[in-house]
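J.: Right, I'll just put the structure down here and ask away after.
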Amino acid sequence: MSWFWQVLYGLPAAMLIFAAKCYQWLISPWLGPRCRFQPTCSVYFIESVRKQGAIWGTLRGLRRVSRCHPWNAGGYDPP
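The numbering of the sequence shown is our numbering, which starts it at 7 and goes up by one.
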């Protein structure tokens, strides 16, 4: 596979990771620690996108965020 297609394939994942990092740097400090899971939902999202790719990683990350609510016990949940 040529370098062009490798970059094109990895671009959506890189953009999603950048968006999650922006959330961690800009928004998360204002909200404070709210995640019930370890690792946090944003770290889980980033690791899922790195391991599974843009589509499956995003779906796994959204599933995790949907479980992060006051009625869930939380706990350790690795990606």
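Glycine included, every Cβ here is placed at the ideal spot set by N, Cα and C.
Give the secondary structure of G5 by DSSP, where H, G and I count as helix, E and B as strand, and everything else as coil.
T.: Outside the displayed range of the chain (7 to 85) lies residue 5, so it cannot be described from this structure.
J.: Would the beta-carbon of C74 fall within 8 Å of that of F43?
T.: In this structure, F43 lies closer than 8 Å to C74 by Cβ.
J.: Hey, R66 and S48: beta-carbon distance below 8 Å or not?
T.: Cβ distance not < 8 Å, so R66 and S48 don't count as in contact.
J.: Which residue from R69, K57, S72 and Y29 puts its Cα closest to that of G16?
T.: Considering only alpha carbons, the answer is K57.
J.: Report yes if the CB atom of G59 is closer than 8 Å to the CB atom of A26, and no otherwise.
T.: Not in contact: G59 and A26 (Cβ atoms no closer than 8 Å).
J.: Name the DSSP bridge partner or partners of Q44?
T.: DSSP, once it has assigned bridges, lists Y82 as partnering Q44.
J.: Skipping 5 residues on each side, what residues in its chain have a beta carbon closer than 6 Å to that of D83?
T.: Cβ neighbours of D83 beyond the five flanking positions: F43.
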